[in-house]
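There are 2 protein chains.
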Amino acid sequence: MRKPQAKGGGEAAVDFGRLPGYIGYQVRQTQSAIFRDISRSIGECGVTPGEFSLLSMLASNPGLNSITLARLYRLDKATLSLSLKRLAGRGLIQTDRSEEDRRYSSLRLTPAGRKQLRRATRRIEMQERAMDAVLKPGEREQILDLLQRIAGAFDR
Amino acid sequence: MRKPQAKGGGEAAVDFGRLPGYIGYQVRQTQSAIFRDISRSIGECGVTPGEFSLLSMLASNPGLNSITLARLYRLDKATLSLSLKRLAGRGLIQTDRSEEDRRYSSLRLTPAGRKQLRRATRRIEMQERAMDAVLKPGEREQILDLLQRIAGAFDR
DNA sequence: TATTGTTATACTCTATAACTATA
DNA sequence: TATAGTTATAGAGTATAACAATA
Numbered sequence: 055m056r057k058p059q060a061k062g063g064g065e066a067a068v069d070f071g072r073l074p075g076y077i078g079y080q081v082r083q084t085q086s087a088i089f090r091d092i093s094r095s096i097g098e099c100g101v102t103p104g105e106f107s108l109l110s111m112l113a114s115n116p117g118l119n120s121i122t123l124a125r126l127y128r129l130d131k132a133t134l135s136l137s138l139k140r141l142a143g144r145g146l147i148q149t150d151r152s153e154e155d156r157r158y159s160s161l162r163l164t165p166a167g168r169k170q171l172r173r174a175t176r177r178i179e180m181q182e183r184a185m186d187a188v189l190k191p192g193e194r195e196q197i198l199d200l201l202q203r204i205a206g207a208f209d210r
Numbered sequence: 055m056r057k058p059q060a061k062g063g064g065e066a067a068v069d070f071g072r073l074p075g076y077i078g079y080q081v082r083q084t085q086s087a088i089f090r091d092i093s094r095s096i097g098e099c100g101v102t103p104g105e106f107s108l109l110s111m112l113a114s115n116p117g118l119n120s121i122t123l124a125r126l127y128r129l130d131k132a133t134l135s136l137s138l139k140r141l142a143g144r145g146l147i148q149t150d151r152s153e154e155d156r157r158y159s160s161l162r163l164t165p166a167g168r169k170q171l172r173r174a175t176r177r178i179e180m181q182e183r184a185m186d187a188v189l190k191p192g193e194r195e196q197i198l199d200l201l202q203r204i205a206g207a208f209d210r
């Protein structure tokens with residue numbers, strides 16, 4: 055218990071206290087390490103992790119509307135509206151009004167969006183392979199399961 | 055493979071594609087669920103997760119300087135300067151110039167900061183207990199280990 | 001010259017509130 | 001009246017660049 059957690063660099067004798075024993079803390083640190091790694095190749099990859107999720111969802115669910123996306127990711131519709139506007143501005147998605155109910159927009163990837171998604175997917179999967187390099191057989195499934203259960207604990 | 059990952063809500067038949075199989079994706083979702091949960095009681099708790107880390111570090115390492123903190127958390131010194139300014143403005147920390155080398159500041163909690171940290175710690179540990187409720191014996195140690203190894207894979 | 005720290009500026013992500021168009 | 005979507009505004013969190021003080 056209370057094992058200090060060295061983190062590289064020559065900061066001898068810094069005491070992390072109980073922080074390393076908190077799952078919340080380690081999830082934050084890990085998320086930040088993963089994000090930093092992707093950011094280093096953001097030019098090569100072209101999209102942020104959040105944008106990658108959105109593009110993937112539209113690839114699997116063409117015609118999806120933004121209120122559904124907002125509910126799935128628990129974002130305010132205004133927040134999502136801005137993200138989608140940016141993606142549309144870059145020509146990666148196309149937003150049309152739905153025929154049946156003209157309040158809804160129908161979202162889908164453009165050809166440029168599909169191409170960008172393929173590029174980003176290659177980069178993301180490279181990163182996942184880098185993680186596999188430090189995991190033993192079965193551990194990927196294990197952590198995916200643990201993370202989903204923990205997130206589920208707060209689904210409320 | 056390609057198991058769609060239902061996420062509550064009545065969005066029947068939304069296909070998450072490969073996303074649920076990516077560790078990066080699940081870490082992001084979990085971090086976001088944990089953050090949302092803490093945010094709901096931010097008034098009660100008083101500090102953000104990032105501020106909680108900073109206060110904890112200063113509790114365990116009184117007199118720490120900001121460049122060391124910046125290196126540990128891989129933040130730019132300007133970024134950290136702003137966070138510390140906000141904490142100082144709320145009277146939670148006190149920053150003094152070091153005696154030996156007057157370029158350095160010596161950071162420490164004020165009595166109000168110690169009190170706030172105790173309050174936040176109670177809240178954070180409640181959250182950790184909520185996670186334990188969905189974990190079997192040994193699984194907390196398991197996920198802490200897995201997360202640290204994955205973060206370490208990108209330490210570069 | 002090099003290092004610590006601050007300030008100015010800018011960009012992303014997020015939310016709330018007020019609005020329009022549609023139902 | 002209710003819902004989908006947009007815009008305006010504001011607050012964190014992050015970075016880069018330019019600067020001051022100290023070594």
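Protein sequence lines correspond, in order, to chains E and U.
Be aware that the first sequence starts at 55, since it is given in my numbering, and climbs by one per residue.
Be aware that the second sequence starts at 55, since it is given in my numbering, and climbs by one per residue.
In this text, a Cβ means the ideal position worked out from N, Cα and C, and glycines have one as well.
None of these values were measured; they are calculated from a predicted model.
{"Check": "Output needed for residue 185 (chain U): all residues of its chain with C-beta closer than 8 Å, excluding positions within five of it in sequence on either side, in chain order.", "Outcome": "194"}
{"Check": "Per the contact definition of three or more C-beta pairs closer than 8 Å, is the segment 192-207 of chain E in contact with the segment 85-97 of chain E?", "Outcome": "no"}
{"Check": "Could you tell me which chain U residues have their CB closer than 8 Å to the CB of residue 81 (chain E), listed as they occur along the chain?", "Outcome": "81, 84, 85, 88 and 201"}
{"Check": "So which of E:187, E:168 and E:209 has the shortest CA-CA distance to residue 109 (chain E)?", "Outcome": "E:168"}
{"Check": "According to a CB-to-CB cut-off of less than 8 Å, which residues of the segment 181-207 of chain U neighbour chain E?", "Outcome": "181, 182, 184, 185, 187, 188, 189, 193, 194, 196, 197, 198, 200, 201, 202, 203, 204, 205, 206 and 207"}
{"Check": "Give a yes or no on contact between the segment 110-119 of chain U and the segment 151-165 of chain U, applying the rule of three or more CB pairs nearer than 8 Å.", "Outcome": "yes"}
{"Check": "Going by DSSP, what residue range makes up the alpha helix (DSSP H) through residue 150 (chain U)?", "Outcome": "It is not in any alpha helix (DSSP H) - residue 150 (chain U) instead sits in the beta strand (DSSP E) that spans 147-151."}
{"Check": "So which residues on chain E does residue 117 (chain U) lean against when the C-beta distance must stay under 9 Å?", "Outcome": "The premise fails here: residue 117 (chain U) is roughly 11 Å from chain E at the closest Cβ pair, so nothing lies under 9 Å."}
{"Check": "Taking three-plus beta-carbon pairs below 8 Å as touching, is the segment 70-82 of chain E in contact with the segment 80-88 of chain U?", "Outcome": "yes"}
{"Check": "Chain E beta carbons: is any one of them nearer than 8 Å to that of residue 61 (chain U)?", "Outcome": "Bear in mind that the predicted position of residue 61 (chain U) carries a pLDDT of just 34, short of 50, making it too unreliable to give a figure here."}
{"Check": "Count the other CB atoms, across all protein chains shown, that sit within 10 Å of the CB of residue 136 (chain U); report buried if there are 16 or more and exposed otherwise.", "Outcome": "exposed"}
{"Check": "Kindly indicate the opening and closing residues of the beta strand (DSSP E) around residue 162 (chain E).", "Outcome": "159-163"}
{"Check": "So, for residue 104 (chain E): in the same chain, excluding its five sequence neighbours on each side, which residues have a beta-carbon less than 6 Å away from its beta-carbon?", "Outcome": "none"}
{"Check": "For a minimum of 4 consecutive residues, which ranges assigned as the alpha helix (DSSP H) are wholly contained in the segment 75-103 of chain U?", "Outcome": "77-94 and 96-99"}
{"Check": "Starting from residue 118 (chain E), follow its DSSP beta bridges and name the residues at the other end.", "Outcome": "E:161"}
{"Check": "Could you confirm whether any beta carbon from chain E is found closer than 8 Å to the beta carbon of residue 147 (chain U)?", "Outcome": "no"}
{"Check": "So residue 164 (chain U) packs on residue 138 (chain U), CB below 8 Å; how close in whole Å?", "Outcome": "Contact doesn't hold; Cβ gap of about 13 Å is too wide."}
{"Check": "Determine the closest residue to residue 71 (chain U) out of E:188, E:208, E:175 and E:191, with distance taken between C-alpha atoms.", "Outcome": "E:175"}
{"Check": "By how many angstroms is the C-alpha of residue 149 (chain E) removed from the C-alpha of residue 134 (chain E)?", "Outcome": "13 Å"}
{"Check": "In this structure, does DSSP put residue 108 (chain U) in helix, strand or coil?", "Outcome": "helix"}
{"Check": "Anything in chain U within Cβ reach of residue 100 (chain E), meaning under 8 Å, just list it in chain order.", "Outcome": "Residues of chain U passing the Cβ test: none, with the nearest at roughly 16 Å."}
{"Check": "Taking 8 Å as the CB-CB cut-off, is residue 164 (chain U) touching chain E?", "Outcome": "no"}
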